[in-house]
Amino acid sequence: MKGITKLRKLEKNDYAPVIERIFKLYAEGATTVEISRTFELEGVLTPNGAIWDDSRISTVLSNEVYKGCVVYGKTKNSRTEKYKNGRPKQLKNEGGFILVENAHEPIIDPDIWEQCRKIRQDRNSRPPGARIGKMPFSNLIKCAICGATHSFQKRKTKAHGEQIRITSCQTKIYDEKDGYKICKNKGVNLYQFEKVFYDYFSKFFQRIDDYIDVIKNSLERD
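Position 135 of the sequence shown, counting from 1, maps to 714 under the working numbering, and the rest follow consecutively.
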């Protein structure tokens, strides 16, 4: 299990700081998608070398083991449903599991864990369109082809989990005969845009002193 080594009892391992950071960022207001993007930009991977997508982060946030509990019988083998390899599917055992509190030293303070649970519950109760929230680049990204302002769209795929895209443009460009064609800008994954933006911003910031000197020299000449 991520952040915990399974011995005779559950103990912290070297990956515990990543788990602690997930809860800290979430409690401070970051979404699972934002945490995923942050980890991807920083190159933080799971112990198995996988990307921290939002579904993995959600699994961590909902796991009682990190607050010192052990759960028995939360899932059960299906008698009828099977995976392609023939193994029975794991089903939720609603109401039939046993929760043992204070079973081991917690990685996450139970109060922080409960705070994150309430945040998850509140966000899940919102209409889907309101869950994206206010994006840092809202109303700032313009289409390079027609100049229209891009919006954002959340979507979920099996390969990458939940992601946010800068939407395709779809603006109608009219000609002199009142005909039109649809703008061909197909949009891009927000993470890809952010990576390019922050790469250029970092290069600019590294040369900020040079730019300041140019401005000062220009002002002195004037």
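Note that CB positions come from ideal geometry on N, CA and C, so glycine has one too. Bear in mind the structure is a predicted one, so any value in this text is a computation, not a measurement.
- Note that the segment 776-789 does not touch the segment 752-759; fewer than 3 beta-carbon pairs, one per stretch, sit closer than 8 angstroms.
- Bounds of the beta strand (DSSP E) holding K751 are 751-753.
- Put simply, the segment 592-601 touches the segment 623-643. At least three CB pairs are less than 8 angstroms apart.
- Residue burial is scored here from C-beta neighbours: L769 has at least 16 other C-beta atoms within 10 angstroms and is therefore classed as buried.
- Looking at the backbone, the Cα of D792 and that of D688 are separated by about 50 angstroms.
- DSSP places K760 outside any alpha helix (DSSP H); the residue lies instead in the beta strand (DSSP E), whose first and last residues are 759-761.
- Between the alpha carbons of R699 and E799 lies a distance of about 56 angstroms.
- From the listed residues G608, Y594, T750, S797, the smallest Cα separation to R696 is found for G608.
- Here DSSP, grouped into helix, strand and coil, assigns L624 to strand.
- DSSP places W692 in the uninterrupted alpha helix (DSSP H) bounded by 689-703.
- Per DSSP, V793 has no beta-bridge partner at all.
- The Cβ-Cβ distance between I752 and K765 does not fall below 8 angstroms.
- The three-state reading of DSSP puts I614 in helix, counting H, G and I together.
- Distance from R616 to E773 at the Cβ level is roughly 7 angstroms; contact confirmed, criterion being Cβ atoms closer than 8 angstroms.
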